[in-house]
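A.B. asks: As they're listed, the protein sequences go chains A and B. Okay, so the first sequence: first residue is 0 according to numbering that gives the first Met the number 0, each after it adds one. Okay, so the second sequence: first residue is 0 according to numbering that gives the first Met the number 0, each after it adds one.
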Amino acid sequence: MYIFKNAFRNTVRNRGRTILTGIIILVIAFSSCVALSIRQAAQTAKEEALEGLSITAQISLDRSAMMKQGQDNSNSSDSSDSKKDFAKMMNESSLSVEDMQKYAKADSVSDFYYTLTTSVNAVKIEAVQSSYSVNNMQSSSSSGSDSEKSSKASSDTSSAQTSTGNAPAPPQGDMQGGGGPMMGTQGDFTIIGYSADNAMTAFTEGTSKITDGQVFSQNSSEAECIISEELAEYNSLSVGDSIVISNPNDEDETYTLKITGIYSNSQSGVQQGGNMGFSTSSDPANQILMSYTALKAITDKSESVATTSTNDMGIEQSSALRANTEGTYVFEDAESYEKFEQQARALGLSEDYTVSSRDLSAYEQSLTPLETLSKIAGYFLIVILVIGAIILIVLNIFSVRERKYEIGVLMAMGMKKGKVALQFISEIMIVTLMAAIIGGAAGAASSVPVTNALLQNQITASQEASENMEQNFGRPMGDMPDMSSQSSEDAQANDSSANDKSASDSGSESQAQQPPQMQKTNYISEINEAVNLKVVAQLLGICVLLAAAGSAVAVTAIMRYEPLQILSSRD
Amino acid sequence: MAVIKLENVYFGYEKDKDVLSDINYEFDEGKIYAIVGRSGAGKTTLLSLLSGLASPTRGNIYFQDEDISKVNKYDYRSKMVGVVFQNFNLINNLTAAENIALSMDIAGSKEPSTAKKEKAYRLLESVNIPREESDRRVLKLSGGQQQRVAIARALSHDPQVILADEPTGNLDEQTQEEILQILKRLAEDGKCVIVVTHSPEVAKRADEIYRL
Ligand SMILES: Nc1ncnc2c1ncn2[C@@H]1O[C@H](COP(=O)(O)OP(=O)(O)OP(=O)(O)O)[C@@H](O)[C@H]1O
Ligand SMILES: [Mg+2]
Numbered sequence: 000m001y002i003f004k005n006a007f008r009n010t011v012r013n014r015g016r017t018i019l020t021g022i023i024i025l026v027i028a029f030s031s032c033v034a035l036s037i038r039q040a041a042q043t044a045k046e047e048a049l050e051g052l053s054i055t056a057q058i059s060l061d062r063s064a065m066m067k068q069g070q071d072n073s074n075s076s077d078s079s080d081s082k083k084d085f086a087k088m089m090n091e092s093s094l095s096v097e098d099m100q101k102y103a104k105a106d107s108v109s110d111f112y113y114t115l116t117t118s119v120n121a122v123k124i125e126a127v128q129s130s131y132s133v134n135n136m137q138s139s140s141s142s143g144s145d146s147e148k149s150s151k152a153s154s155d156t157s158s159a160q161t162s163t164g165n166a167p168a169p170p171q172g173d174m175q176g177g178g179g180p181m182m183g184t185q186g187d188f189t190i191i192g193y194s195a196d197n198a199m200t201a202f203t204e205g206t207s208k209i210t211d212g213q214v215f216s217q218n219s220s221e222a223e224c225i226i227s228e229e230l231a232e233y234n235s236l237s238v239g240d241s242i243v244i245s246n247p248n249d250e251d252e253t254y255t256l257k258i259t260g261i262y263s264n265s266q267s268g269v270q271q272g273g274n275m276g277f278s279t280s281s282d283p284a285n286q287i288l289m290s291y292t293a294l295k296a297i298t299d300k301s302e303s304v305a306t307t308s309t310n311d312m313g314i315e316q317s318s319a320l321r322a323n324t325e326g327t328y329v330f331e332d333a334e335s336y337e338k339f340e341q342q343a344r345a346l347g348l349s350e351d352y353t354v355s356s357r358d359l360s361a362y363e364q365s366l367t368p369l370e371t372l373s374k375i376a377g378y379f380l381i382v383i384l385v386i387g388a389i390i391l392i393v394l395n396i397f398s399v400r401e402r403k404y405e406i407g408v409l410m411a412m413g414m415k416k417g418k419v420a421l422q423f424i425s426e427i428m429i430v431t432l433m434a435a436i437i438g439g440a441a442g443a444a445s446s447v448p449v450t451n452a453l454l455q456n457q458i459t460a461s462q463e464a465s466e467n468m469e470q471n472f473g474r475p476m477g478d479m480p481d482m483s484s485q486s487s488e489d490a491q492a493n494d495s496s497a498n499d500k501s502a503s504d505s506g507s508e509s510q511a512q513q514p515p516q517m518q519k520t521n522y523i524s525e526i527n528e529a530v531n532l533k534v535v536a537q538l539l540g541i542c543v544l545l546a547a548a549g550s551a552v553a554v555t556a557i558m559r560y561e562p563l564q565i566l567s568s569r570d
Numbered sequence: 000m001a002v003i004k005l006e007n008v009y010f011g012y013e014k015d016k017d018v019l020s021d022i023n024y025e026f027d028e029g030k031i032y033a034i035v036g037r038s039g040a041g042k043t044t045l046l047s048l049l050s051g052l053a054s055p056t057r058g059n060i061y062f063q064d065e066d067i068s069k070v071n072k073y074d075y076r077s078k079m080v081g082v083v084f085q086n087f088n089l090i091n092n093l094t095a096a097e098n099i100a101l102s103m104d105i106a107g108s109k110e111p112s113t114a115k116k117e118k119a120y121r122l123l124e125s126v127n128i129p130r131e132e133s134d135r136r137v138l139k140l141s142g143g144q145q146q147r148v149a150i151a152r153a154l155s156h157d158p159q160v161i162l163a164d165e166p167t168g169n170l171d172e173q174t175q176e177e178i179l180q181i182l183k184r185l186a187e188d189g190k191c192v193i194v195v196t197h198s199p200e201v202a203k204r205a206d207e208i209y210r211l
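1) What do you get for A/A464, buried or exposed, if any count of 16 or more other CB atoms within 10 angstroms of its CB means buried?
2) At a Cβ cut of 7 angstroms, what residues of the stretch 554 to 569 of chain A count as close to chain B, listed as they run along the chain?
3) Measuring only the C-alpha atoms, how far is B/T56 from B/G11?
4) Counting Cβ pairs, one atom from each stretch, are 3 or more of them under 8 angstroms apart for the stretch 287 to 297 of chain A and the stretch 16 to 23 of chain A?
5) Quick one: complete beta strand (DSSP E) runs, 3+ long, within the stretch 196 to 261 of chain A?
6) Using CA coordinates, which residue listed in B/I60, B/V35, B/A149 is at the minimum distance from B/I99?
7) Is there a Cβ from chain B that is less than 7 angstroms from the Cβ of A/V535?
8) Take the Cβ of A/Q128 as the centre, count every other Cβ of all protein chains shown within 10 Å, and call the residue buried at 16 or more, exposed below.
9) Ignoring anything shorter than 4 residues, give me the alpha helix (DSSP H) runs that lie fully in the stretch 117 to 174 of chain B, in order along the chain.
10) Tell me which residues share the same chain as A/R234 and place their Cβ nearer than 7 angstroms to its Cβ, disregarding the 5 neighbours each side in the sequence.
11) Which value, in whole angstroms, describes the spacing of the CA atoms of B/K49 and B/R121?
12) Is it true that the CB of B/L19 sits closer than 7 angstroms to the CB of B/G41?
13) Expressed to the nearest angstrom, what Euclidean distance is found between the alpha-carbon atoms of A/S425 and B/I208?
14) For B/A153, decide whether its Cβ has a neighbour in chain A, counting only Cβ atoms nearer than 7 angstroms.
15) Quick check: is any heavy atom of ligand 1 less than 6 angstroms from the C-beta of B/G41?
16) Taking a contact to mean a Cβ-Cβ separation below 7 angstroms, would you say B/Y32 touches B/A153 in this structure?
17) Which same chain residues end up closer than 6 angstroms to A/G21 when comparing Cβ atoms and leaving out the 5 residues on each side of it in sequence?
18) Could you give the C-beta distance for A/T572 and A/A222, rounded to a whole number, given that I count them as a contact under 8 angstroms?
19) Determine whether the Cβ of A/G540 lies closer than 7 angstroms to any Cβ atom of chain B.
20) Going along the chain, which residues of its own chain have a beta-carbon closer than 7 angstroms to the beta-carbon of A/A44, five neighbours each way excluded?
21) Within 10 angstroms of the Cβ of A/Y113, are there 16 or more other Cβ atoms? Answer buried if so, exposed if not.
22) Can you tell me whether DSSP reads A/M414 as helix, strand or coil?
23) So which residues of chain A does B/A106 contact, with C-beta pairs closer than 8 angstroms?
24) With DSSP run on the structure shown, which of helix, strand or coil describes A/S139?
25) I want to verify the contact list: residues of chain B whose CB lies under 8 angstroms from the CB of A/V408, in sequence order.
26) What residue does the beta strand (DSSP E) around A/Y291 start on, and which one ends it?
27) Just grab the DSSP bridge partners of A/T117 for me.
28) Could you name the residues that DSSP lists as bridge partners for B/L5?
29) Tell me the DSSP bridge mates of A/G21?
30) Which two residues bound the contiguous alpha helix (DSSP H) that contains A/G387?
31) What are the partner residues of A/A56, as DSSP defines its beta bridges?
32) Check whether the stretch 445 to 459 of chain A and the stretch 557 to 569 of chain A are in contact - that is, three or more C-beta pairs closer than 8 angstroms.
33) Am I right that A/V382 and A/Q39 are in contact with their C-beta atoms under 8 angstroms? What's the rounded C-beta distance?
34) Is B/Y120 near ligand 1, going by C-beta to nearest heavy atom under 6 angstroms?
35) So, does the stretch 107 to 115 of chain B touch the stretch 187 to 201 of chain B, judging by three or more C-beta pairs under 8 angstroms?
36) Taking only three categories from DSSP, how would you classify A/N264?
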């Protein structure tokens with residue numbers, strides 16, 4: 000077709016015009032390609048991360064809501080009422096296993112397990128002391144005797160620290176959901192009872208491993224336990240030995256546990272959910288793991304022998320072991336999780352409780368820099384396209400005016416307007432395609448390094464922001480959204496209850512529960528592949544759109560032109 | 000037989016200002032017509048009407064007994080008439096040969112491009128443009144050369160009617176003579192040749208003179 004030949008010839012002959020248009024489209028194509036790649040990378044990373052994510056959720060008491068309620072009550076009624084409310088709140092705080100199991104019947108739940116956590120002291124054996132907890136202890140409000148008792152261990156810290164960085168943390172470290180440990184005396188050890196093997200996530204995920212003996216049997220109510228290598232080494236314990244634990248509220252109340260296994264932990268870094276981080280018991284090395292049934296037997300027994308006293312705040316306190324039950328709901332995917340809350344409410348979950356997923360929050364958090372970047376890339380793309388389109392339109396307005404005479408001649412020679420328009424469109428398309436291919440190729444080649452560099456910037460920026468905040472606060476800020484909202488709620492509770500003793504006490508208590516060092520979020524910091532067929536198609540679409548904008552200008556002009564006017568008004 | 004017939008043709012660029020009024024004329028095949036008149040008389044305007052670039056405000060123009068207001072103007076221009084414009088109207092960034100080949104393309108020539116090129120060279124040679132000049136962009140040719148390229152282009156699609164606006168205006172006597180010979184040959188071949196001219200020399204060679 001001569002029209003295309005003509006178009007091609009014109010783009011080659013009018014080098015100046017071609018190069019000018021070409022450079023503009025090249026720049027647009029390059030930036031669009033990078034921006035699209037970033038968006039695609041974010042999308043891919045999101046999908047991939049979500050694919051590999053098994054989502055678990057917990058139901059916890061909406062403490063701040065209750066606190067507010069209590070606050071409202073205390074404003075209108077006398078203070079004994081508010082104390083009663085507070086006590087009631089403390090008692091009600093933990094859902095019973097039966098309740099948890101009820102909600103586990105929701106369709107969306109694929110699995111459910113639970114743990115029981117309690118804090119104890121031990122007779123004859125010493126808790127492993129890492130510098131991690133020593134450092135924090137100096138500034139913490141944790142009991143002095145603890146640090147006294149374990150200070151001799153701190154000479155051994157270097158080895159302890161490196162090896163104890165990580166033990167199987169309780170799968171759900173959220174102690175705030177339960178009233179247990181926060182009201183009684185904190186022990187040196189944490190005992191966690193698991194309802195099922197799959198509740199022991201550190202083992203199922205492979206970060207913890209039995210190195211000697213075997214895991215306690217799940218159904219036996221016999222007091223079997225497993226302990227960490229560090230604790231075993233430190234106290235020269237081995238499989239088959241027994242340890243005697245005692246109730247921190249009543250040192251005479253003791254229980255004997257049989258060690259069936261010793262485990263090691265391979266994960267390094269600070270474990271998530273180090274919520275009880277202020278004391279020795281928070282050290283993963285000092286966690287004693289048992290079956291739920293076995294631990295429940297102990298706490299039940301403790302309950303039965305407990306004595307009750309009233310503290311200076313007028314709140315009744317039992318000497319029983321503080322036990323905290325936490326249920327974990329497992330979901331196949333994010334959608335099931337989204338449905339869960341509604342289903343649980345339908346099954347009777349009261350509004351005092353909230354459903355939250357730490358996995359999902361961490362997942363969302365890990366994507367934040369990439370998503371921020373993706374959002375910026377999106378705006379950038381729009382700006383580029385708008386500016387690009389304007390430039391191309393203006394350029395084409397000038398170009399078609401400059402070529403008015405040529406258009407007139409072609410039409411005078413009998414070339415139909417449609418064909419003239421087609422020739423002009425072809426010329427724009429040829430330039431656009433060439434520039435798009437070069438710009439797109441350059442964009443594709445540099446999109447991965449550019450994205451990673453930008454991503455690194457973004458991550459540094461968010462890290463700096465949180466570091467600044469930590470400096471300003473003098474303590475770590477919650478890194479995770481649910482955590483940070485928790486701490487802000489706590490702060491709010493503090494503020495609003497400045498003249499309410501009981502509430503403010505509990506506020507600071509729960510703040511003391513904040514770990515000394517939050518988990519550093521594992522941001523997605525690198526992408527490997529950004530340009531795929533979708534990006535190519537999108538890029539092509541963008542270029543065609545730009546070419547269309549330019550063509551539209553040319554075509555409108557051509558349709559308006561009449562050869563007689565053009566040719567007779569020349570010179 | 001009349002190839003083109005004008006019947007009570009009126010035309011004005013602006014309303015109520017007729018440049019041409021009540022023109023009645025017949026152009027036969029095999030003849031050379033000279034259209035003469037003072038500058039601004041409307042000679043170029045008449046050619047525009049004949050070439051289908053403009054339509055009469057009143058009256059009718061017939062091409063081979065068919066009202067040209069009813070035929071496709073583009074087809075009419077590209078196939079039926081060959082126009083040599085007063086200011087040539089060549090495509091500046093194409094070579095002489097390409098301008099001619101393009102004209103053949105627009106006329107719908109199905110010949111292979113080598114054949115078209117060959118034909119273009121021959122046409123250009125017939126108006127005294129040698130091959131080496133044929134491959135230069137027309138912008139780089141002299142006014143006289145451009146004029147001859149325009150004439151060659153008007154003949155490229157072998158039209159029934161040749162309309163030429165001052166085709167010899169920029170030419171020396173010898174070239175003018177050569178052009179007149181070409182036009183004469185075309186008339187002998189049965190074409191209708193209509194030439195606008197100020198030159199009495201050219202008018203003298205015409206079979207008929209129409210004075211505006
Ligand atoms: N595009 C136009 N718009 C308005 N008026 C026009 C236009 N072209 C020509 N005219 C007017 O029409 C009249 C005839 O012009 P035309 O070009 O036909 O004259 P001409 O006989 O060809 O003159 P010349 O010998 O100088 O070429 C003139 O008065 C001119 O001003
Ligand atoms: Mg004229």
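Think of the CB as a built atom: it goes at the ideal place given N, C-alpha and C, for glycine as much as any other residue.
C.D. replies: In brief:
1) Of the other Cβ atoms in all chains shown, fewer than 16 fall within 10 Å of the Cβ of A/A464; this residue is therefore exposed.
2) P562, L563, L566, R569
3) 7 angstroms
4) no
5) 207 to 212, 223 to 227, 241 to 246
6) B/A149
7) no
8) buried
9) 130 to 133, 142 to 154
10) The identity of residue 234 of chain A in the sequence shown is Asn, whereas the question assumes Arg. The beta carbon of A/N234 sits closer than 7 angstroms to those of I124, E125, all from its chain and outside the five residues before and after it, given in chain order.
11) Here the sequence assigns Leu to residue 49 of chain B, which means Lys is not the residue at that position. Spanning the two alpha carbons is a distance of roughly 28 angstroms.
12) yes
13) Here the alpha carbons of B/I208 and A/S425 stand approximately 46 angstroms from one another.
14) no
15) yes
16) no
17) V430, A434
18) For residue 572 of chain A there is no data in the structure shown, the boundaries of chain A being 0 and 570.
19) No, A/G540 does not count as interfacial toward chain B.
20) L366, L369, I523, I526
21) buried
22) Note: A/M414 maps to coil in three-state DSSP.
23) Neighbours of B/A106 across chain A, judged by C-beta separation under 8 angstroms: G413.
24) Since pLDDT at A/S139 reaches only 39, below the 50 mark, its modelled position is unreliable, and no value is offered.
25) Chain B residues near A/V408: N88, L89, I90.
26) Per DSSP, A/Y291 belongs to no beta strand (DSSP E); it is in the alpha helix (DSSP H), 291 to 304.
27) Here A/T117 is bridged, per DSSP, to A/I190, A/A322.
28) B/Y24, B/I60
29) Per DSSP, A/G21 has no beta-bridge partner at all.
30) 357 to 401
31) A/Y328
32) no
33) Between A/Q39 and A/V382 the Cβ distance is about 19 angstroms, and since that is not below 8 angstroms, they are no contact.
34) Not so, every heavy atom of ligand 1 lies at least 6 angstroms from the Cβ.
35) Under the 8 angstroms Cβ criterion, the stretch 107 to 115 of chain B does not count as touching the stretch 187 to 201 of chain B, having fewer than three qualifying pairs.
36) Strand, per DSSP.
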